[in-house]
Structures are given as C-alpha cells and as structure tokens.
Amino acid sequence: MSSTTSGYVNRELSWLEFNQRVLDEARDDELPLLERLKFLAITASNLDEFFMVRVGGLQQLTRQDPSKRDAAGMTAAEQLAAISRRTHLMTSDQYACFLEDLEPALAGESLRRVRPAQLSERQRKFVEQVFDDQIFTVLTPMAVTGAEDFPLVVNQSLNACVRLEPAAGFSEPRFAIIPFGRTVSRFLTLPTEGGYEYILLEDLVCSHAERFFPGEPAAECVAFRITRNADMSLREDQASDLLTGMEELLDARKESDCVRLEVGAEASATLLAFLKGALGVADEDVYAPPGPLDLAAFMRLTDVEGFDRLKYKPWPPQPSPDLDPRESIFDVLVRKSVLLCHPFDSFEPVQRLVEEAADDPDVLAIKQTLYRTSRNSPVVAALGRAAENGKHVTAIVELKARFDEARNIEWARNLEQAGVQVIYGVRGLKTHAKLCIVIRREPHGIQRYLHFGTGNYNEQTARLYSDISYLTSDANLGADATSFFNAVTGYSQPQHFRKISAAPIGLRDTLLELIQSEIERKRHGQEARILAKLNALADPPIIDALYEASQAGVEVRLNVRGICCLRPHVPELSENITVVSIIDRFLEHSRIMHFHHGGRGLYFISSADWMPRNLDRRVELLVPIDDAAGRRRLGEILHACLGDRVKGRRLRPDGGYDPPPLKSGGRIASSQEQLYLRACELVHEAEQSQRTVFIPHRATGSGP
884 MSSTTSGYVN
894 RELSWLEFNQ
904 RVLDEARDDE
914 LPLLERLKFL
924 AITASNLDEF
934 FMVRVGGLQQ
944 LTRQDPSKRD
954 AAGMTAAEQL
964 AAISRRTHLM
974 TSDQYACFLE
984 DLEPALAGES
994 LRRVRPAQLS
1004 ERQRKFVEQV
1014 FDDQIFTVLT
1024 PMAVTGAEDF
1034 PLVVNQSLNA
1044 CVRLEPAAGF
1054 SEPRFAIIPF
1064 GRTVSRFLTL
1074 PTEGGYEYIL
1084 LEDLVCSHAE
1094 RFFPGEPAAE
1104 CVAFRITRNA
1114 DMSLREDQAS
1124 DLLTGMEELL
1134 DARKESDCVR
1144 LEVGAEASAT
1154 LLAFLKGALG
1164 VADEDVYAPP
1174 GPLDLAAFMR
1184 LTDVEGFDRL
1194 KYKPWPPQPS
1204 PDLDPRESIF
1214 DVLVRKSVLL
1224 CHPFDSFEPV
1234 QRLVEEAADD
1244 PDVLAIKQTL
1254 YRTSRNSPVV
1264 AALGRAAENG
1274 KHVTAIVELK
1284 ARFDEARNIE
1294 WARNLEQAGV
1304 QVIYGVRGLK
1314 THAKLCIVIR
1324 REPHGIQRYL
1334 HFGTGNYNEQ
1344 TARLYSDISY
1354 LTSDANLGAD
1364 ATSFFNAVTG
1374 YSQPQHFRKI
1384 SAAPIGLRDT
1394 LLELIQSEIE
1404 RKRHGQEARI
1414 LAKLNALADP
1424 PIIDALYEAS
1434 QAGVEVRLNV
1444 RGICCLRPHV
1454 PELSENITVV
1464 SIIDRFLEHS
1474 RIMHFHHGGR
1484 GLYFISSADW
1494 MPRNLDRRVE
1504 LLVPIDDAAG
1514 RRRLGEILHA
1524 CLGDRVKGRR
1534 LRPDGGYDPP
1544 PLKSGGRIAS
1554 SQEQLYLRAC
1564 ELVHEAEQSQ
1574 RTVFIPHRAT
1584 GSGP
C-alpha cells in the first residue's frame, strides 16, 4: 500500500484500506443482500466525509505549507496523488459491486430499478402525472455561462446539467443547471404487480429535460454532484461568542471550494469541460462512474418493507441481568458496579440512570457531557425535565462535533431554555469524554452515581455500535469525575486524580508509563503482555513505545478497526506485534486496554483512540475497571476480538490486510456472534438462578 520505508503507514492511505475492508463486506456473497447493499452505501458515505475533511485539508496544506511531511515522510501533494489513485480504483470497485453484482441480484428478488425506457404503460402514465404535479412545478432551471454566474450548488446534493444547442447564429453551446434540492424524493416508487420497483429522480428529470426549455432542443442532460471542503475550523481566540462563531462557520462551508466533482459517465467532453471550468476542479478530482451517483443514498432501499429475508436475523439487545427493572437503579449501583457491552447488552440502563435521576426527589444535581445525540434524544429530554424539576443540571454540549454542529446548537438552546447550565466545550479543545454524574442525597450523606462510556449518549447508535458502559458508585471514581468535570467547566487545572487519567493533560503519559512498565518487567524476566482494542492508532510516541516493547519481547496484540499507522511483523522492529481489524454487522467502537502488570492484570476503558488529535486536542478519559465481574467481561471481549477467525483481517507490514484464516472443522462464530451469545447466556443463567422455589405450608398449631 505504501512504498515508503518509514516506520509508519500514511494515515490517509490506512483509512482508505479500512474503507476497502468495508467494501469487501459488500462483495461477500455469504452475507444477506440488503446487508451487502448497506455496507456499500456506508463506503460511499465514508468517502464523502473523507473528501470533505481529509482531502480538503490536504489541498489547503499544499497551498499553505507544501514542503511539510507527515510521519510517513509524504508531502501533502504526494498524499493527494496517492489518494487519487486509490480512490479512483475504489470507486471502480464500488460500481462493479453495485452494477454487476448487487443490482442484478436484488432485481432477482423483485427489488428493481427501472430505467425510463423500461416503464410499463401503467408506470409511464403514473410517472407523467408525478412529473407534472411534483417535479416540473418544484424544480427550477437556471441558465449559466460559466463560473461568474454558476449557482451556489449545495454540498453533496444532486443536480442536472443540461447542454442546449447553440442559439441561432451562434456556435457556442448553452448550459443550464437544475438543482434537485431536498424536498423531492430521489427514489420514486412505481406501481407494480409484485415486489418493489423504483425510478431515480435524475433519470426522470433527464428524460423530460426538454419540458423545462420549451422550443429548445436539449443536446444532453447529465446528473452531477460536488463535494465541498469542510475542513474549516473556528479561530476560538478571535470568537467572542462561540455559538455565533459556529453558525458562521456552518454558513462558510456552504461556499467552500469544490474538492470533488462526480458526474455521469455519459457526459460529453464539452459538458465536462464546462463543469470543470465553472467549479475550478482539476482532472484528478473528477469521478465519472458508470452508474447512479451518490451510492450512499441507496441505504434507503435497506428499509423497504417486505424484504426482511434479505437482512440479518435480528439480535435484540439483552437486558442486563445485574439490573432488575423493578428496582431503583440507585439501589443496585450502591451495592455493585455494572459493566455493559452494547449493543449486545441494552442501552436502556444508561438512559434509565438519567431519566430516573430527573424524577427522583433526592437527586440534587446531574452533570453530563454531550458529544453526539439522536434527533429526539430521551437523554437530552430528561436533562431538561430535571432542570424544570428544580435540580441543578450542567451539560457540556460540544458545539465543535463535526457534522453535528447544527444539531448540538439546537440542543444547547433548548437546554438553556429549560434552565440547564450549558457549557459550550473548552476553548481550543473538543470535549469527547463520555461522562454522567448524578449527585443524590441519601441517609448517610451525599452519594455520587456515575456512567463512563466509550460511545455517545445516543440510543439509536447504541444499537449499531459496539461500546462499553460502566455504571458505578465507586467513591474514588466519583471524586475523580467531580474534579474532572469542575475543571472542564471552571477553566482550572484539575487536582491529582486518584484513578482516572485525562487528555490532554496526562493520558498519553499514563499509557506510555504502562507500556514502559511491561518493557521493564520483560527485561527482568517476567511475563509481559499488552492487549488493546481501538478504533485508530496513529500517535507516533505510542507507536514508538510499542515498537520498543516488541523489541524487548513483550507480546503486543492489537484490535484496531480503522486507521493503523503501525507496521507489525517487521524484523527487529515489530516482530511481536499482531494487529487484527474486524468489520462486521456492528461498528466496532469500544476502546479497551489490558496490561499484564506482573499478573495483576490492569483493565481500562477509554473515550480516546491512540491518535494525536485525541491525546493532544481533545478532552478524553481513561478509566480503570477494578471490580472482578467487569474485568472478567472485558477479558472475554478482548479474547473474542483478538481471536476472531471469521471477520478478523490481519494487518501486513506494507499496510494491507490479509483475509481471515480459512474456516475448518465446522462453523465458527465471529467475535460479535460470540459476544451476543454470551449476553444471551448471562440472561439465561440469571433466570435459572431465580427459578421459583416451591415452599410448602407447614402446620403451626395442634389439631382439634
């Protein structure tokens, strides 16, 4: 994947290899058809964000500091050239998967895309009526001559470019743009005798293009889509009002540079040259696939009713056997801590903690961080209700959570109106830590109840992402959490923590100390081991420390879902390091670490990946798990993920990945299936231990 001899893999190319692994799932004919389509749509959505953020940022860097090199030794221009080669190849693979495999197979299952020429007479009449009523009256063509009068095209929206024949007496073609907007559905459901048939909006518009230009022959009509640079940040030192500054930043994104032009492969050289010139796009930034643009939009088809046979068999989240729904969650947590592994374990206890706290008359205060939430978040609603009930509620709402800025601004305002004290994050940093503190008055005094998580307070993604939640009333963790929260909201340095570590003020140092401890133990002849489950590994100091550990003989086993800039299995550098990546039905999102520590076995969960942005530019937490049940569960998760022979791909020294080992000896469960079955097993064991015991009545008095 990378020709450099550096000890690091380029970050961007590593991410593209991750997206390739997602695409490999779409091409796996052992998976249900609609799940494969879902994976394909995810790869397209991932690429959209990659171009907006990473490619946009690199293009800026070529202008600002063209000689700067990354850890892998590549300049921004070199990275862009490598990215272009890789993404053009990936785009070809995506469309081969869609056009040659998925679409024909879906048509065979009666889920079919219909082109205008394939419409039945009944469908043609229906389409004509829809065009007249819903499309022709809504869409508005705009005549354009070039960049100076080109309309402000919305980022990642579909549009049609129409080339009209030259006017009488002129030789130059004329052009018009038809923006599709957001109000007209792209997928028009057609009447059919059975199954599900649809036609795409762009096909309908282009087949009726001349209706928009009476008396003017349309030489061609082609769909196009642009991606704008979204790698724009707010200068917080110059913003007197963060909320207003973020709104201005969102407006600025609407007019930022075009970093990618997608246009139908049927576009003529004349039309393509016009779009490139008007949008200021270079040849390498043009993508002309042979099929419909915006494959991410085809996620919609995975929700069409009547095709459950083409999806995964459901795995409903299991109720935690440690939490009786008939008992107050506070009564449970005062006795024991509870570790949950989502989505195998239900997210309901986390939601219940906040909802119960909102209505409990003994709860005095709630303090919570909010990074990404659902559109109708019950957690946010509970915080507002708690404030209305007279409790002191503080919420750190991170306005800088990329692509969720607008939603978080709305939440912040709603919470303020409810009486919540809202903190807009920390100046210069993103608050990414996942923490909730409930302060309750009890007979013995004040008691703190806590939730630490690796994922967001979002009940919807909690059914799609694998994450860890830790619910506890541990006094030391409570003291640390309070100190941490007050430092974030009060702009002060936190006091010395008893258990936790926080970024950016010490988390990396803690990790390096833990790694160094394993190195020293190995050098003294002791057993040494490091196990970690992460989303990404790109921090050079930590990678260098892991290389040192490998050279000392420490066993290092890593499960890294996405970016991994470390090169494993390199002689005399990383021979003792193994990296596995898992792509499966749920998005791997949890961060878990284990250090052998002379046999004591230290376990941690964290909100932070091992990346410079997490360790230097974000507010993050590393939380030790000390109770026996929690440690045992984390050990089971690490064992399953690191040993996955079904979905686990092994990282090579060159940055590419080998497929999972060949299955033999019968069916083998993937790590996610193992963890789901284990969650079901724990529920079953709890039910068996609580089986009804028959107790006979005994005579207590004498007879007559």
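Heads up, the sequence shown is in my numbering, so the first residue is 884 and it goes up one at a time. The beta-carbon is built from N, C-alpha and C at its ideal position, and this holds for glycine as well.
key: Candidates Leu-1071, Pro-1208, Val-1233 and Val-1045: closest to Gly-1147 by CA position   = Val-1045
task = Take Gly-1029 and list the residues in its own chain whose beta-carbon comes closer than 7 Å to its own, dropping the five residues that flank it on each side.
result = These residues qualify, in order along the chain: Gly-1160 and Ala-1161.
key: Span of the alpha helix (DSSP H) around Val-1529   = Segment: none, Val-1529 is in no alpha helix (DSSP H) and carries neither H nor E.
request  = Assuming Glu-1401 contacts Phe-1478 (C-beta within less than 8 Å), just tell me the rounded distance between them.
outcome  = 6 Å
key: Buried/exposed call for Phe-1335, threshold 16 Cβ in 10 Å   = buried
ask   = Going by C-alpha distance, which of Ile-1329, Leu-1525, Ser-889 and Ala-954 is nearest Gly-1361?
value = Ile-1329
task = Could you tell me the distance, in whole angstroms, from the CA atom of Val-1013 to the CA atom of Leu-1022?
result = 13 Å
task = Starting from Glu-932, follow the alpha helix (DSSP H) in both directions and report where the run begins and ends.
result = 916 to 933
message = I want to know whether the stretch 897 to 909 touches the stretch 946 to 954 - three or more CB-CB distances under 8 Å.
response = No: the two stretches stay apart, fewer than three of their Cβ pairs being nearer than 8 Å.
task = Note down, in chain order, each residue of its chain lying with its Cβ closer than 7 Å to the Cβ of Pro-1074, except the 5 sequence neighbours on either side.
result = These residues qualify, in order along the chain: Arg-1005, Gln-1006 and Phe-1009.
message = Applying the 10 Å Cβ sphere with the 16-neighbour rule, what's the burial state of Ser-1624?
response = Residue 1624 cannot be examined here, being either before or after the span of the chain that is shown, 884 to 1587.
key: Reduced DSSP secondary structure (H/G/I, E/B, other) of Tyr-1353   = strand
task = Could you check how far apart the C-beta atoms of Leu-1347 and Pro-1226 are, in whole angstroms? I think they sit under 8 Å.
result = Taking 8 Å as the upper bound for CB-CB distance, Leu-1347 and Pro-1226 are in contact here, some 7 Å apart.
query = Alpha carbon to alpha carbon, what distance is there between Gln-903 and Pro-1495?
reply = 24 Å
key: Distance between Gln-1017 and His-1567 (C-alpha atoms, nearest Å)   = Answer to the nearest angstrom: the Cα atoms are 54 Å apart.
query = If you run the structure through DSSP and keep just helix, strand and coil, what is Val-892?
reply = coil
key: Strand pairing of Trp-827, partner residues [DSSP]   = Nothing about residue 827 can be reported from this structure: the residues present for the chain run from 884 to 1587 only.
ask   = With a Cβ-Cβ cutoff of 8 Å, do Leu-1397 and Ile-1425 count as a contact?
value = no
ask   = When DSSP labels each residue in this structure, what does Arg-996 get in the three-state scheme?
value = strand
message = Rounding to the nearest angstrom, what Cα-Cα distance links Ser-1054 and Leu-1154 in this structure?
response = Going by the C-alpha atoms only, they are around 15 Å apart.
key: At least 3 beta-carbon pairs within less than 8 Å: the stretch 963 to 971 vs the stretch 990 to 997   = no
message = I'd like the list of long-range same chain contacts for Arg-1561, defined as Cβ closer than 7 Å, with 5 residues on each side in sequence excluded.
response = Glu-1519
ask   = Hey, out of Leu-1534, Leu-1505, Asp-1499 and Ala-1432, whose CA is closest to Ile-1465's CA?
value = Among Leu-1534, Leu-1505, Asp-1499 and Ala-1432, the Cα nearest to that of Ile-1465 belongs to Leu-1534.
ask   = Are the Cβ atoms of Phe-1367 and Ile-1388 separated by less than 8 Å?
value = no
query = Alpha carbon to alpha carbon, how far is Ile-1413 from Gly-1481?
reply = 12 Å
query = Taking the alpha carbon of Ile-1475 as the point to measure from, which residue in Asn-1459, Ser-1349 and Val-1529 has its own alpha carbon closest?
reply = Ser-1349
task = Using three-state DSSP, classify Leu-1449 as helix, strand or coil.
result = Three-state DSSP puts Leu-1449 in a strand.
task = Rounded to whole angstroms, what's the CA-CA distance from Lys-1405 to Pro-1454? Just pull it up for me.
result = 19 Å
inquiry  = Within a Cβ cutoff of 8 Å, which residues of the same chain sit near Ile-1551, ignoring the five residues on either side of it in sequence?
reply    = Result list for Ile-1551: Arg-1528 and Val-1529, in chain order.
task = Assuming Thr-1314 and Val-1502 form a contact by the criterion Cβ under 8 Å, report the distance between their Cβ atoms to the nearest whole angstrom.
result = 4 Å
task = Could you say if the stretch 1237 to 1255 and the stretch 1215 to 1226 meet the contact criterion of at least three C-beta pairs nearer than 8 Å?
result = Counting Cβ pairs under 8 Å, fewer than three are found: no touch.
message = Excluding the 5 residues flanking Thr-958 on each side, which residues of the same chain have their C-beta closer than 6 Å to its C-beta?
response = Arg-952
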